[in-house]
Amino acid sequence: MPGRPRDPELDTRLLAAAWSLLTTDGYDALSLTKVAARAQAHRTDVYRRWASKAQLVADVLAVHLPPVSPVDTGALDSDLRRYLDDLAASWSSSWIDGLVGFLGDLRDDPDAELAFRLLGERRGQVMSAALERAVERGELAELPDLSLAGDLMEGPLMHRRLIGRQPLTPDYLDGLAAAAHRLLSIGRAVR
1002 MPGRPRDPEL DTRLLAAAWS LLTTDGYDAL SLTKVAARAQ AHRTDVYRRW
1052 ASKAQLVADV LAVHLPPVSP VDTGALDSDL RRYLDDLAAS WSSSWIDGLV
1102 GFLGDLRDDP DAELAFRLLG ERRGQVMSAA LERAVERGEL AELPDLSLAG
1152 DLMEGPLMHR RLIGRQPLTP DYLDGLAAAA HRLLSIGRAV R
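Just so we're aligned, residue 1002 is where the sequence shown starts under the numbering used here, counting upward by one.
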């Protein structure tokens, strides 16, 4: 016998409460109990939906992170730079420093890790489309490994912000886009 259907309004309240707490207090201070209190819900409402804080945050990020805007400037180098602008906007948010604990918890939570990886893949579709167009234009000989290309673009941003705690300046993004373009263009088609 199935239980009662979930209340979408309550889901929205819980995710909004978690986002508010995440952005103000950081991941380490976040708890499922605090989310319930902020949303004026019962603790069981939260625990029925999410088995862990990491799973909740993966869902919160899927809902609240701004989408990556489609790019099509007609040239791979400028597509990469625009793509980096969108990624940098997310990674430059003040609350991002609090995600170190979240990234660590993903190792022990396969469900949250999967949700976070799927979020990254959805956000990476913009770059995938740009790379496909670059192949069609002859800027690339073949489509690169999309996972590697994503790591090449987002990995340095994540490292610079979370490990080095350095800003993502326009000069840094210019250099990263140029380096990524050079690496992706190895073996490029000649027309």
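Don't be surprised by glycine CBs; every beta carbon is placed ideally from N, CA and C.
| Item | Value |
| --- | --- |
| Distance between Ala1113 and Leu1107 (C-alpha atoms, nearest Å) | 6 Å |
| Contact set for Trp1020: own chain, Cβ-Cβ below 6 Å, skip 5 residues either direction | Val1061, His1065 |
| Cβ-based burial, His1182 [other Cβ within 10 Å; buried from 16] | buried |
| Contact set for Leu1174: own chain, Cβ-Cβ below 7 Å, skip 5 residues either direction | Arg1082, Leu1085, Asp1086, Ala1089 |
| Rounded separation between Leu1077 and Ser1094 - CA only | 26 Å |
| Segments of 4+ residues assigned as alpha helix (DSSP H) that fall wholly inside the stretch 1139-1177 | 1147-1159 |
| Distance, Trp1092 Cα to Arg1049 Cα | 30 Å |
| Cβ-Cβ separation, Gly1151 to Gly1121 (assumed contact under 8 Å), whole Å | 7 Å |
| Anticipated Cβ contact below 8 Å, Lys1054 with Leu1033, distance rounded | 6 Å |
| Where Ile1187 falls: helix, strand or coil (DSSP) | coil |
| Under the three-state DSSP convention, the category Trp1020 falls into | helix |
| Neighbourhood of Leu1016 by C-beta, 6 Å cutoff - its chain only, sequence neighbours within 5 removed | Val1061, Val1064 |
| 9 Å Cβ cutoff met for Glu1133 and Leu1144 | yes |
| Short Cβ contact (9 Å threshold) for Leu1169 with Leu1153 | no |
| Candidates Ala1142, Arg1161, Gly1165, Gly1102: closest to Leu960 by CA position | With the chain covering only 1002 through 1192, there is no way to say anything about residue 960. |
| Euclidean distance between Cα positions of Asp1073 and Asp1046 | 43 Å |
| Tyr1084, DSSP secondary structure in three states | helix |
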